[in-house]
Amino acid sequence: MTGSKHNREGNSSDSGEPDPGPYWRRMHRDWRFWAGAVLMITAIAIYVLSGDLVWIPRGLPRHSLP
Numbered sequence: 406m407t408g409s410k411h412n413r414e415g416n417s418s419d420s421g422e423p424d425p426g427p428y429w430r431r432m433h434r435d436w437r438f439w440a441g442a443v444l445m446i447t448a449i450a451i452y453v454l455s456g457d458l459v460w461i462p463r464g465l466p467r468h469s470l471p
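In my numbering, each residue's number is its place in the sequence shown (first place is 1) plus 405.
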């Protein structure tokens, strides 16, 4: 034998379950990843479309301080 039958957690790999793969692949199947991605894209869209969060209409002149 050239390898160990144990993974790093110490459990045997003969359970018949497939290897879940690296975390960066598994996270795309998690609902929390997609909820965070949707919230982040929504926040970026609001920031960009609002003109850097400036809600003052651009047509009105601003009052300068004397």
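A virtual CB, placed ideally from N, CA and C, is assigned to each residue, including glycine.
In this structure, the straight-line span from the alpha carbon of residue 441 to that of residue 434 is close to 13 Å. Take the alpha-carbon of residue 443 and the one of residue 426: they are about 24 Å apart. In chain order, 458 place their CB closer than 7 Å to the CB of residue 452, counting only its own chain and leaving out the 5 sequence neighbours on each side. Per DSSP, residue 441 is one residue of the alpha helix (DSSP H) stretching across 436-454.
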